[in-house]
Each structure stands twice: as C-alpha cells, then as structure tokens.
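Quick notes on the structure that follows.
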Amino acid sequence: EFWDASDWVLDVKILPDRAHDCLSHVGLAREIAALEERVFDYDYEGLTLPHTDRALPFRISLQAEKKCCRYIGALVSGVTMGPSPRWLVERLSVFGMRSRNCIVDLTNLVMLELGAPLHAFDWEKIAGESKKTIGPCFARNGERATLLDGKTYEFNESDIVIADSNGVLALAGILGGKESAVSDETKNVFFEAASFDAVSIRRTRTRLGIETD
Numbered sequence: 107e108f109w110d111a112s113d114w115v116l117d118v119k120i121l122p123d124r125a126h127d128c129l130s131h132v133g134l135a136r137e138i139a140a141l142e143e144r145v146f147d148y149d150y151e152g153l154t155l156p157h158t159d160r161a162l163p164f165r166i167s168l169q170a171e172k173k174c175c176r177y178i179g180a181l182v183s184g185v186t187m188g189p190s191p192r193w194l195v196e197r198l199s200v201f202g203m204r205s206r207n208c209i210v211d212l213t214n215l216v217m218l219e220l221g222a223p224l225h226a227f228d229w230e231k232i233a234g235e236s237k238k239t240i241g242p243c244f245a246r247n248g249e250r251a252t253l254l255d256g257k258t259y260e261f262n263e264s265d266i267v268i269a270d271s272n273g274v275l276a277l278a279g280i281l282g283g284k285e286s287a288v289s290d291e292t293k294n295v296f297f298e299a300a301s302f303d304a305v306s307i308r309r310t311r312t313r314l315g316i317e318t319d
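Numbering-wise (our numbering), the sequence shown opens with residue 107 and increments by one.
So, in structure tokens, the structure goes:
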C-alpha cells in the first residue's frame with residue numbers, strides 16, 4: 107500500500123516477446139480481458155486531436171521510413187512549466203519513476219498507460235523559423251550528441267536519430283538530447299510519438315550501454 111491512498115501494485119513479469127503489448131496498463135488489461143473472455147472498452151476517441159485546416163509550422167521528414175513506420179508530432183503553445191501535482195508525483199512513485207516536471211511527467215504517464223513512449227522538445231530549440239523540419243533519420247558515422255544523461259555518444263549509420271536541419275535532437279526510442287530538452291523557461295512544446303523498429307532500437311541501446319524506461 108502506498109502513500110495515503112488505498113492503492114496496490116500488481117507486479118507482473120513480462121517476457122521480452124510480449125513487451126510490445128503488455129508493458130502498459132491498457133495492453134495488460136486487454137490481455138487479461140482476452141483470457142477471461144471479457145469485453146475491453148477504452149475511450150480511444152478521447153485521445154484524438156481535433157482536425158485543423160490551418161497550416162502547420164513544422165514538417166515531418168521521414169528519412170528512416172524503413173525503420174520508423176509512423177512518426178507524428180503536435181505543437182502545444184503557451185505552456186506553464188512547473189512541478190507536477192501531488193497525484194501525478196505519487197502515481198509515478200508507485201511505478202518506480204522520479205518526478206521531473208509537469209511536461210516530462212505527463213509523457214511518462216502516457217507511456218505507462220498506453221505503451222506509447224512520447225518525447226517533449228522545447229520548440230524554440232528546434233532549428234528553423236517559419237517552417238521547422240523534424241523527423242527520424244540515420245545518423246552519420248562518427249556523429250556525436252550529448253543526451254539527457256549528460257553523456258556524449260558517438261553514433262554510426264545504423265543508429266536512428268531524431269534530427270532537425272542542424273543535426274541530432276534525440277536518439278530515437280531511447281533518450282532525448284540535452285540541447286533540445288524542455289526546461290523551466292520552456293513556453294512552447296513539440297511532442298513526438300513514433301513506432302520504431304524494435305530490433306534496431308535494442309541494438310543501438312545495447313551497443314551504447316544505455317538503460318532507460
């Protein structure tokens with residue numbers, strides 16, 4: 107039992123071949139419903155962003171299409187950065203995660219619920235003026251970037267990175283870049299969600315020795 111609430115943790119051992127669908131609350135609930143022959147109902151429609159005909163201030167570049175079948179982004183303007191409310195801090199603590207700030211905590215909560223990792227970029231730190239370009243591509247041999255853990259890594263042409271017109275912003279599916287991270291001064295946030303090739307991500311993570319959620 108955790109904190110002040112009557113809440114319990116169900117600790118489930120997930121084998122590697124089921125990580126893609128059972129390392130999330132919705133995925134595990136769907137699996138349990140199938141085993142018990144129950145109907146699983148989840149409000150996916152509530153997660154749909156409203157359509158707009160307005161020209162977007164960014165363009166998605168999908169240069170690594172063979173290793174990234176889907177990459178989507180959303181720009182949220184006028185964000186107020188700060189600590190997360192207590193309920194969110196407590197929820198992440200139960201999951202074994204440390205609270206960082208309201209934006210990063212929300213991306214982690216979505217990841218845990220839906221099994222879809224999100225990443226938040228500071229919009230002002232993405233290169234470009236009226237029309238910014240961002241998306242997954244293969245790194246160049248010897249290309250380097252400093253990531254959120256404070257370490258500088260050297261990539262090769264098999265590594266998938268997220269880049270703008272100036273260079274690497276993040277290591278795809280593994281860890282964000284330090285230079286493009288949100289901070290207390292962030293006002294506008296670019297959120298990304300993507301489906302990367304699991305084998306490629308695992309090989310890069312193993313070679314570089316990076317352990318992340």
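The beta-carbon is built from N, C-alpha and C at its ideal position, and this holds for glycine as well.
Keep in mind it's a predicted model, so treat the numbers as computed, not measured.
Kindly indicate the opening and closing residues of the alpha helix (DSSP H) around residue i.
i      : result
Glu137 : 131 to 141
Val200 : 192 to 200
Leu224 : Segment 224 to 228 is the beta strand (DSSP E) holding Leu224; no alpha helix (DSSP H) there.
Asp68  : With the chain running from 107 to 319 in the structure shown, residue 68 is simply not present.
Ala304 : 304 to 314
Return the CA-CA distance between residue i and residue j, expressed in angstroms with no decimal places.
i      : j      : result
Leu162 : Glu142 : 45 Å
Arg311 : Ala278 : 10 Å
Ile191 : Cys208 : For the record, residue 191 in the displayed sequence is Pro; it is not Ile. Approximately 8 Å, taken between the alpha carbons.
Glu137 : Ala251 : 39 Å
Phe302 : Ser199 : 28 Å
Leu194 : Asp270 : 32 Å
Ala170 : Tyr177 : 10 Å
Met187 : Val288 : 9 Å
Ile316 : Ile280 : 8 Å
Lys238 : Glu291 : 20 Å
Phe248 : Asn272 : The amino acid occupying residue 248 in the given sequence is Gly; Phe does not appear at that position. About 16 Å.
I want to see whether chain D comes within less than 9 Å of residue i, judged by CB atoms only; does it?
i      : result
Ala269 : Here chain D cannot be found, since the structure has a single protein chain.
Nearest CA to the CA of residue i: which residue from the options?
i      : options                        : result
Asn294 : Pro156, Val267, Ala180         : Ala180
Glu196 : Val182, Thr186, Gly184, Asn214 : Asn214
Ser264 : Glu285, Ala222, Asp127, Pro242 : Pro242
His225 : Ala304, Asp123, Phe261, Ala276 : Ala276
Asn262 : Val274, Thr154, Arg246, Leu254 : Arg246
Ile268 : Asp290, Gly282, Glu291         : Gly282
Ile307 : Ser130, Lys284, Val115, Ile266 : Ile266
Phe146 : Leu254, His131, Glu230         : His131
Asp149 : Ser236, Glu235, Glu219, Gly256 : Glu219
Glu235 : Leu121, Phe164, Ala139, Asp123 : Phe164
Could you pull the start and end residues of the beta strand (DSSP E) that residue i belongs to?
i      : result
Asp211 : Asp211 -> not in any beta strand (DSSP E); alpha helix (DSSP H) instead, spanning 208 to 220.
Ala180 : 174 to 182
Ile166 : 164 to 166
request  = Only counting runs of 3 or more residues, tell me where the beta strand (DSSP E) segments fall wholly within the segment 243 to 294, in order along the chain.
outcome  = 250 to 252, 258 to 260, 266 to 269, 274 to 277, all fully within the segment 243 to 294.
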